[in-house]
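*Asks:* Before anything else, here's the structure in question.
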DNA sequence: ATATAACCGAGACGGTACGTCCCGTCTTAGC
DNA sequence: GCTAAGACGGGACGTACCGTCTCGGTTATAT
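Protein chains in written order, with my numbering: chain W, 13 to 207; chain R, 13 to 207; chain H, 13 to 207; chain F, 13 to 207.
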């Protein structure tokens, strides 16, 4: 099969899809999450409202699709030899992501919405750029470690402080990624195997 | 000063105030944050819409006033002799607060809204039950510690993992407060004094 | 052109339009002008409020559209041979219109509103059932008369007394259309041609 | 009796009364009838809302009290020898009153309101500056005339054309008071005595 | 002198309509 | 069958004014 549309009738407009994803990105930055409306997205994208509804149900879904790939990419950091350096670089990237990146603003908005709306919470559970990137970097920096059996908790211990700090609206410049990384390494090193 | 109203004109109705705060609490639990409306609050409270607007600007403000005292109270835990026990008990209370308490649901909704709305973020910065309670319990469990110079960061390290875990919608039963407390104590014990 | 809608998008609902016009008519008679509200019209018509606002700006506009055709029809009277009879029949119809007809009540309400609101005044100037019908009947009863150069003033002289009498709330049964018609004919007969 | 208040308790404040009457006059001219509110009157007068409600029920009542005396005075015109001159002078004053005088604007607003509200209609029937002034001037210009038995109708015939013309929003400069007066005199002269 | 009574201002109260915005759905015509 | 356009019923928004009420305070007469 050479095409995956329904084979009958007009195919889905790829231009419309892209226009919508760009529009939602732009509007989020310009107006903030709560001022983004499906009506506004459609108008900005030069697309009819029905076309948006045909492919997505909520603005959260559109936003997730528009930002997920960017998020994943922005949280990939080059490797460092020293584990603490590696983790510190990652935490620095995480701080930048959560505070200044468009995709990060989208991500925070989605986490925020998830606190009000179980559907968004479910959506997010299927797409967890922070958890995945943190697991990857821990695995790289501290390979073969006894942490692995409890990796999800370890990722929470790594990113949790930064996440809490920023979502509570504190000044991100007061955070010291290197210190956090060092603390994490020390703590992890002594964690006994969970056999 | 014994009364804080303007002393001229009809005094504010304490009944209306209480009815509104109760209504917003009830509605949050029944309908969820995004389905709570100022109109609905007024109707549930048996109060005119204007009376709500006279004293609050947004549902976030009402919700904060309705839940702040409860939150503070629910995050106070009895002391334990062993520092790790003390911190573990606190983290257990925090998990319960964030996942099952009405005030905790309100708090999560507010943190969520703060990601969309800078005004709510500002509001929350002035009322931080988790940060305050965490600082208090650290100070109690690890007194005179070298942590004190960087207490805000220390609180983030203590509560961050739990906060991240729950706000991302993961299963709270998978968390082990005791293990998190032990990790925190070990990490704190080796933190060098910050000159 | 066979249809006057924009030809793109869903066409205007003729049912909604008719329901609104009927509703405003009914409500005017039941409640009186000042108790008619756009909200009430929409509810009575079983229509959303926005649908009313989409097509009209004020209740005056709706009322005018709802009553103009009726007014015009009610002020057409069969011809009489004798000019005084013709004019008297017209004045009788005018009295009935202004005091008992639904369209007449609407018309009086609009003239009343025009005293408060220049927009309504402007609206009425573009739709003047009394002036037009009076001009027609004068032209029919006293054809080729020297009145024609000053027809608007002549119509005012014909209908003015009735109009004043009724709008000031006096008893319409005390009016004698025949006498007024005779007076008007005599006065008109002697009016010199206006060169 | 030297004072007509209840003789016990604080007497009515004459300053408040005057301030209210001035305020309603000013506001009518500045904003137009429909934008005049009891709230606005009270604020402009520097008076509490309750004080207004204590003495008047509606803005129509206040407006009537504020303008009736002025209306009566503005419609008194010096006598002329020639009856047609006398009536023409009166009609000129009437046109000026209805189109440019503050009291006349108030009067038109009240007549307008009377078309919506029977209470205002009743109110006006008890205070009819145009009818009274017209009757007086007819009696003066055409004394002992056979018109007297039907004076109310005669006043309607005199003022009706002007009243209709202006309330329908036509250009008052197009009116010729002298011509109207002449027509009225001719018509009246031939009216047979009403047995 | 001191009640008592009616007034006054200020301003909160429940209520209701305003006009606007967005929701999600629908009904067209056109491609 | 998808698309753009746009009307539809619905409902919350925040504001304004309604008429009423409850305060503290003022100014009279009547004891």
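Cβ atoms here follow ideal geometry from the backbone N, Cα and C, with glycine treated the same way.
Flag residue 13(F) as yes if its beta-carbon sits less than 8 Å from any beta-carbon of chain H, otherwise no.
*Replies:* Residue numbering aside, residue 13(F) sits at position 1 when the fourth chain is read from its first letter. Caution applies to residue 13(F), whose pLDDT of 38 falls short of 50 and renders its modelled position unreliable; the model cannot decide the point.
*Asks:* For the stretch 64-77 of chain W against the stretch 86-104 of chain W, do three or more pairs of beta-carbon atoms, one drawn from each stretch, fall closer than 8 Å, so that the two count as touching?
*Replies:* Segments in contact, no.
*Asks:* Given residue 75(H), which residues of its chain have a CB within under 7 Å of its CB, disregarding the five upstream and five downstream residues?
*Replies:* Counting from one through the third chain, the residue named residue 75(H) turns up at place 63. The answer, listed in chain order, is 36, 40, 118, 121, 122.
*Asks:* Looking only at C-alpha atoms, which of 183(W), 194(W), 23(W) sits nearest to residue 108(W)?
*Replies:* As a working mapping, residue 108(W) is identified with position 96 in the first chain. Of the candidates 183(W), 194(W), 23(W), the one whose C-alpha sits nearest the C-alpha of residue 108(W) is 183(W).
*Asks:* Are residue 192(W) and residue 173(W) touching if we call contact CB-CB under 8 Å?
*Replies:* Translated into positions along the first chain, residue 192(W) becomes position 180. Translated into positions along the first chain, residue 173(W) becomes position 161. Going by C-beta atoms, residue 192(W) is nearer than 8 Å to residue 173(W).
*Asks:* Alpha carbon to alpha carbon, how far is residue 201(H) from residue 207(H)? Give it in angstroms, no decimals.
*Replies:* Taking the third chain and counting its residues from 1, one reaches residue 207(H) at position 195. Taking the third chain and counting its residues from 1, one reaches residue 201(H) at position 189. Reliability fails at residue 207(H), whose pLDDT of 35 lies under 50, so the model's placement of it is uncertain and the value that follows must be treated cautiously. In a straight line, the C-alpha of residue 207(H) is about 16 Å away from that of residue 201(H).
*Asks:* Can you give me the C-alpha to C-alpha distance between residue 126(W) and residue 124(R), rounded to a whole angstrom?
*Replies:* For the purposes of this step, residue 126(W) is identified with residue 114 of the first chain, where counting begins at 1. For the purposes of this step, residue 124(R) is identified with residue 112 of the second chain, where counting begins at 1. The alpha-carbon atoms of residue 126(W) and residue 124(R) are separated by roughly 7 Å.
*Asks:* Any C-beta of chain R within less than 7 Å: which residues of the stretch 107-130 of chain W qualify?
*Replies:* Flagged, chain order: 120, 121, 123, 124, 125, 126, 127, 128, 129.
*Asks:* If you draw a straight line from the C-alpha of residue 177(H) to the C-alpha of residue 73(H), how long is it?
*Replies:* Mapped onto the third chain, residue 177(H) falls at position 165. Mapped onto the third chain, residue 73(H) falls at position 61. Going from the Cα of residue 177(H) to the Cα of residue 73(H) covers about 26 Å.
*Asks:* Closest Cβ-Cβ distance between residue 38(F) and chain H: below 8 Å?
*Replies:* Looking up residue 38(F) in the fourth chain gives position 26. Taking Cβ atoms only, chain H never reaches closer than 8 Å to residue 38(F), which makes this a no.
*Asks:* Kindly list, in the order they appear in chain R, the residues whose Cβ is closer than 9 Å to that of residue 177(W).
*Replies:* The residue given as residue 177(W) occupies position 165 in the first chain. By Cβ distance, chain R contributes 164, 165, 168, 172.
*Asks:* Which residues, taken in chain order from the stretch 32-59 of chain W, show a beta carbon closer than 8 Å to some beta carbon of chain R?
*Replies:* Cβ contacts with chain R: 44, 45, 46.
*Asks:* Mapping the DSSP letters down to three states, classify residue 70(R) as helix, strand or coil.
*Replies:* For the purposes of this step, residue 70(R) is taken as the residue at position 58 of the second chain. Residue state, collapsed to three classes: coil.
*Asks:* Is there a Cβ of chain H sitting closer than 8 Å to that of residue 195(F), yes or no?
*Replies:* Residue mapping note: residue 195(F) aligns to position 183 of the fourth chain, counting from 1. Answer yes: the Cβ-Cβ gap between residue 195(F) and chain H drops below 8 Å somewhere.
*Asks:* Determine, using beta carbons only, whether residue 140(W) comes closer than 8 Å to chain R.
*Replies:* Numbered from its first residue, the first chain carries residue 140(W) at position 128. Closer than 8 Å to some Cβ of chain R, the Cβ of residue 140(W) qualifies, so yes.
*Asks:* Answer with buried or exposed for residue 189(H), where buried requires no fewer than 16 other C-beta atoms within 10 angstroms of its C-beta.
*Replies:* If you number the third chain from 1, residue 189(H) lands on position 177. Classification of residue 189(H): buried, given that the 10 Å Cβ count is 16 or more.
*Asks:* Would the beta-carbon of residue 133(H) fall within 8 Å of that of residue 80(H)?
*Replies:* Position 121 of the third chain holds residue 133(H). Position 68 of the third chain holds residue 80(H). The answer is no: Cβ separation not under 8 Å.
*Asks:* Of the choices 113(R), 135(R), 98(R), whose alpha-carbon is the least far from that of residue 71(R)?
*Replies:* Taking the second chain and counting its residues from 1, one reaches residue 71(R) at position 59. Among 113(R), 135(R), 98(R), the Cα nearest to that of residue 71(R) belongs to 135(R).
*Asks:* Where residue 114(R) and residue 56(R) are concerned, what is the direct C-alpha to C-alpha distance, given to the nearest angstrom?
*Replies:* As a working mapping, residue 114(R) is identified with position 102 in the second chain. As a working mapping, residue 56(R) is identified with position 44 in the second chain. Taking the straight line from one Cα to the other gives about 18 Å.
*Asks:* Looking at chain F, which residues of the stretch 178-190 of chain H have a Cβ within less than 9 Å of any of its Cβ atoms?
*Replies:* Against chain F - using a Cβ distance shorter than 9 Å - the residues of the stretch 178-190 of chain H are 179, 180, 181, 182, 186, 187, 188.
*Asks:* Would DSSP call residue 190(H) helix, strand or coil?
*Replies:* For the purposes of this step, residue 190(H) is taken as residue 178 along the third chain, with counting starting at 1. Three-state result, residue 190(H): helix.
*Asks:* Quick one: Cα of residue 167(H) to Cα of residue 61(F), how far?
*Replies:* Along the third chain, read from residue 1 onward, the residue named residue 167(H) stands at position 155. Along the fourth chain, read from residue 1 onward, the residue named residue 61(F) stands at position 49. Roughly 46 Å between the two C-alpha positions.
*Asks:* In angstroms with no decimal places, state the Cα-to-Cα distance between residue 103(R) and residue 42(R).
*Replies:* Locating residue 103(R) in the second chain gives position 91, where the first residue counts as 1. Locating residue 42(R) in the second chain gives position 30, where the first residue counts as 1. About 27 Å.
*Asks:* Thinking C-alpha only, which one of 148(H), 129(H), 145(H), 33(H) is nearest residue 58(H)?
*Replies:* Position 46 of the third chain, counting from 1, holds the residue named residue 58(H). Taking only the C-alpha atoms, the option nearest residue 58(H) is 33(H).
*Asks:* Please say whether residue 141(R) and residue 78(R) have beta carbons closer to each other than 8 Å?
*Replies:* Working through the second chain from its first residue, we reach residue 78(R) at position 66. Working through the second chain from its first residue, we reach residue 141(R) at position 129. Their beta carbons are not under 8 Å apart, which means residue 78(R) does not touch residue 141(R) by this criterion.
*Asks:* With DSSP as the reference, label residue 19(R) as helix, strand or coil.
*Replies:* To locate residue 19(R), count along the second chain from 1; it is residue 7. Coil, per DSSP.
*Asks:* Could you give the distance in angstroms between the alpha-carbon of residue 25(H) and the alpha-carbon of residue 50(W)?
*Replies:* On the third chain, position 13 is the one that residue 25(H) refers to. On the first chain, position 38 is the one that residue 50(W) refers to. Cα to Cα, residue 25(H) sits roughly 25 Å from residue 50(W).
*Asks:* Using a Cβ-Cβ cut-off of 7 Å (strictly less than) and excluding sequence neighbours within five positions of residue 31(H), which residues of its own chain qualify?
*Replies:* In the third chain, counting from the first residue as 1, residue 31(H) sits at position 19. Hits under 7 Å: 57, 58, 59.
*Asks:* Tell me whether the beta-carbon of residue 171(F) lies closer than 8 Å to the beta-carbon of residue 106(F).
*Replies:* Translated into the one-based positions of the fourth chain, residue 171(F) becomes position 159. Translated into the one-based positions of the fourth chain, residue 106(F) becomes position 94. Going by C-beta atoms, residue 171(F) is nearer than 8 Å to residue 106(F).
*Asks:* By the 9 Å beta-carbon criterion, what residues does the stretch 85-104 of chain W contribute toward chain R?
*Replies:* Answer in chain order: no residues at all.
*Asks:* According to DSSP, is residue 162(F) helix, strand or coil?
*Replies:* Reading the fourth chain from its first residue, position 150 is the one you call residue 162(F). In this structure, residue 162(F) counts as helix in the three-state DSSP scheme.
*Asks:* Do residue 97(H) and residue 152(H) count as a contact pair if the criterion is CB distance below 8 Å?
*Replies:* Stepping through the third chain from its first residue, residue 152(H) is reached at position 140. Stepping through the third chain from its first residue, residue 97(H) is reached at position 85. No, the Cβ-Cβ distance between residue 152(H) and residue 97(H) is not below 8 Å.
*Asks:* Nearest to residue 112(W) by CA position, among 137(W), 131(W), 185(W), 199(W), is which residue?
*Replies:* Indexing the first chain from 1 puts residue 112(W) at position 100. Selected option, being the one with the closest Cα: 185(W).
*Asks:* Let me confirm a value: residue 130(F) is counted as buried when at least 16 other C-beta atoms fall within 10 Å, else exposed. Which label applies?
*Replies:* Counting from one through the fourth chain, the residue named residue 130(F) turns up at place 118. With fewer than 16 other Cβ atoms within 10 Å, it is exposed.
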